[in-house]
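Peer 1:
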Amino acid sequence: MQRFFVEPSQIDEGAHQIHITGSDVKHIVNVLRMKTGEELWISDGDKKEYHCTIEAIGAEEVCLHILYSQEPDYELPNKIYLFQGLPKADKMELIIQKAVELGACQVIPVETKRCVVRLDGKKAAKKVERWQQIAESAAKQSKRMLIPSVHPVMTFKDALAWAKELDIRLIPYELAQGMAETKALLSEIRPGQSIGIFIGPEGGFEEKEIEAAIDAEVSPITLGKRILRTETAGLAILSVLMFQLEQ
233 MQRFFVEPSQ
243 IDEGAHQIHI
253 TGSDVKHIVN
263 VLRMKTGEEL
273 WISDGDKKEY
283 HCTIEAIGAE
293 EVCLHILYSQ
303 EPDYELPNKI
313 YLFQGLPKAD
323 KMELIIQKAV
333 ELGACQVIPV
343 ETKRCVVRLD
353 GKKAAKKVER
363 WQQIAESAAK
373 QSKRMLIPSV
383 HPVMTFKDAL
393 AWAKELDIRL
403 IPYELAQGMA
413 ETKALLSEIR
423 PGQSIGIFIG
433 PEGGFEEKEI
443 EAAIDAEVSP
453 ITLGKRILRT
463 ETAGLAILSV
473 LMFQLEQ
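The sequence shown lines up with residues 233 to 479 when you count with the numbering used here.
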């Protein structure tokens, strides 16, 4: 069943109605070709979702009738922030899509020393807009209760500073050793704690970046004896955390 996100102001629980406006109207009418009477799910972007039927379709608005509402427990008990070193080509689109499916609450693109891709202000803004659309589409598909945000591109230094408020900060590093220590560190994560994961681009992090991360109290961890591509590393640790934290 199709899922859409609305703002609380679009929900009139007293009248048992929800009003969809903007680009979702065209998607419902022209792409999905939905008709009155068809059912869909609406999320308020927080904890509540609504099972609805289409009551009326207009040029600028689709009016829904609320059948019932509920507060499902789809989200992870922890907020996970993925700090992703900018990869080449369209890899970022895949990373964002899968990170959203795996439960990340925010993706932060990061420029590091070994990034091949360099985005200026205007180009970066267009990329982030495109990436946010991918995040929204993935959130709809995977029954997320919220749309994870894609942050504007940060420098590595700014990303470390931004992450200081998070409870847990991890940086998978190909030279890190000690799987037992990594497993112990992950097992100590408790529900409600915020988690930041730093992933390098192709070529990984420079040694000075790892040193800066350690100085900022980011813990190096290992993901095993094999070298993972940048588009694999973040998804690997997200999968581990999802399995461990899911309740």
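Idealized CB from N, CA, C, for every residue including glycine.
None of the values given here were measured: they were computed from a predicted structure.
Pick from K372, H248, I429, E325: whose alpha carbon is nearest that of A391?
Peer 2: Among K372, H248, I429, E325, the Cα nearest to that of A391 belongs to I429.
Peer 1: Would you mind reading off the limits of the beta strand (DSSP E) that contains F437?
Peer 2: Run containing F437: none; DSSP gives neither H nor E here.
Peer 1: Applying the 10 Å Cβ sphere with the 16-neighbour rule, what's the burial state of G269?
Peer 2: Per the 10 Å Cβ criterion, exposed.
Peer 1: Give me the Cβ distance between Q316 and V339, rounded to the nearest whole Å; I'm assuming they're in contact under 8 Å.
Peer 2: Sure, about 6 Å apart at Cβ, within 8 Å.
Peer 1: Compare the beta carbon distance of N310 and Q479 with 8 Å and say whether it is the shorter of the two.
Peer 2: Their beta carbons are not under 8 Å apart, which means N310 does not touch Q479 by this criterion.
Peer 1: Are the region 288-306 and the region 250-262 touching, with three or more C-beta to C-beta distances below 8 Å?
Peer 2: As far as the Cβ criterion goes, the region 288-306 touches the region 250-262, which means the pair count is three or higher.
Peer 1: Any heavy atom of the ligand MG within a distance shorter than 7 Å of the CB on W394?
Peer 2: Among the components modelled here there is no ligand, and therefore nothing to report on the ligand MG.
Peer 1: Quick check on T464: does DSSP put it in helix, strand or coil?
Peer 2: The answer is helix: DSSP assigns T464 an H, G or I state.
Peer 1: Does the distance from the C-beta atom of L378 to that of D256 stay below 8 Å?
Peer 2: Not a contact, by the Cβ cut-off of 8 Å.
Peer 1: Are the Cβ atoms of I427 and I400 separated by less than 8 Å?
Peer 2: Yes, Cβ-Cβ distance for I427 and I400 is below 8 Å.
Peer 1: Please state whether the Cβ-Cβ distance between L477 and I403 is less than 8 Å.
Peer 2: Not a contact, by the Cβ cut-off of 8 Å.
Peer 1: Give the secondary structure of P240 by DSSP, where H, G and I count as helix, E and B as strand, and everything else as coil.
Peer 2: Correct three-state label for P240: helix.
Peer 1: Mind checking which residues open and close the alpha helix (DSSP H) that includes E361?
Peer 2: Looking at the DSSP string, the run of the alpha helix (DSSP H) that includes E361 is 353-373.
Peer 1: What whole-angstrom Cβ distance do L272 and Q302 have, given they're in contact under 8 Å?
Peer 2: Not quite, the Cβ-Cβ distance comes to about 14 Å (not below 8 Å), so this is no contact.
Peer 1: Between which two residues does the beta strand (DSSP E) containing I340 stretch?
Peer 2: It spans 338-343 - the beta strand (DSSP E) in which I340 sits, taken as one unbroken run.
Peer 1: Below 7 Å CB to CB, which residues in the same chain sit around M259 once its five sequence neighbours on both sides are set aside?
Peer 2: Correcting the residue identity first, residue 259 is His in this sequence and not Met. Contacts found: none.
Peer 1: Contact check, L455 vs I469 under 8 Å by CB: the rounded distance?
Peer 2: Indeed they touch by this definition, with Cβ atoms about 6 Å apart.
Peer 1: Check whether the region 283-293 touches the region 404-413, counting contact only when three or more Cβ pairs, one atom from each stretch, lie closer than 8 Å.
Peer 2: No contact exists between the region 283-293 and the region 404-413.
Peer 1: Between the C-alpha atoms of G254 and Q329, what's the straight-line distance to the nearest angstrom?
Peer 2: Going from the Cα of G254 to the Cα of Q329 covers about 23 Å.
Peer 1: Going by other Cβ atoms of all chains shown within 10 Å of its Cβ, with 16 needed for buried, is T387 buried or exposed?
Peer 2: Exposed, by the Cβ-count rule.
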